[in-house]
Amino acid sequence: MELDKDFVKYLKKTLEDTKFAIEGGSDPKAKKIRKTSYIFLSMPDPTSISTMIGITLYTTSKVLEKRKIRGIKDYIAEYNIMVKNAKDIIKDLQI
500 MELDKDFVKY
510 LKKTLEDTKF
520 AIEGGSDPKA
530 KKIRKTSYIF
540 LSMPDPTSIS
550 TMIGITLYTT
560 SKVLEKRKIR
570 GIKDYIAEYN
580 IMVKNAKDII
590 KDLQI
């Protein structure tokens with residue numbers, strides 16, 4: 500039994516997307532922007548415009564890497580904290 504390569508790629512992409520949705524992580528746009536910045540940084544340019552664009556894109560990609568996109572785990576943890584706080588408030592009011 501042989502699987503179609505496109506189907507395997509689709510399954511792999513779906514698994515990665517599901518993992519990212521559950522765990523969260525850095526912004527996926529960061530890698531694409533960094534690759535684009537290398538193109539601008541490697542261009543020979545006497546006016547340095549492409550170099551400035553490349554530096555700006557590279558800096559943007561680093562900022563996006565540090566920004567964490569929240570996943571389902573983060574929302575569940577936040578919900579658990581809210582429930583614990585609500586239970587504590589109810590206990591305090593009952594005393």
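Under the working numbering, the first residue of the sequence shown carries the number 500, and numbering increases by one thereafter. Positions of the beta carbon are idealized from the N, C-alpha and C atoms, including for glycine. Given the structure is predicted, the values throughout are model-derived calculations rather than measurements.
- Taking a C-beta distance under 8 Å as the contact criterion, Phe539 and Leu563 do not qualify as a contact pair.
- Here the stretch 563 to 574 makes contact with the stretch 520 to 533; the two share three or more CB pairs at distances below 8 Å.
- When the alpha-carbon of Lys572 is set against those of Phe519, Lys504 and Phe506, the nearest one is in Phe519.
- Linking Leu514 to Gly553 through their CA atoms gives a straight-line distance of about 32 Å.
- Between Thr535 and Asp544 a beta carbon distance of about 15 Å is seen, past the 8 Å cut, so the two are scored as non-contacting.
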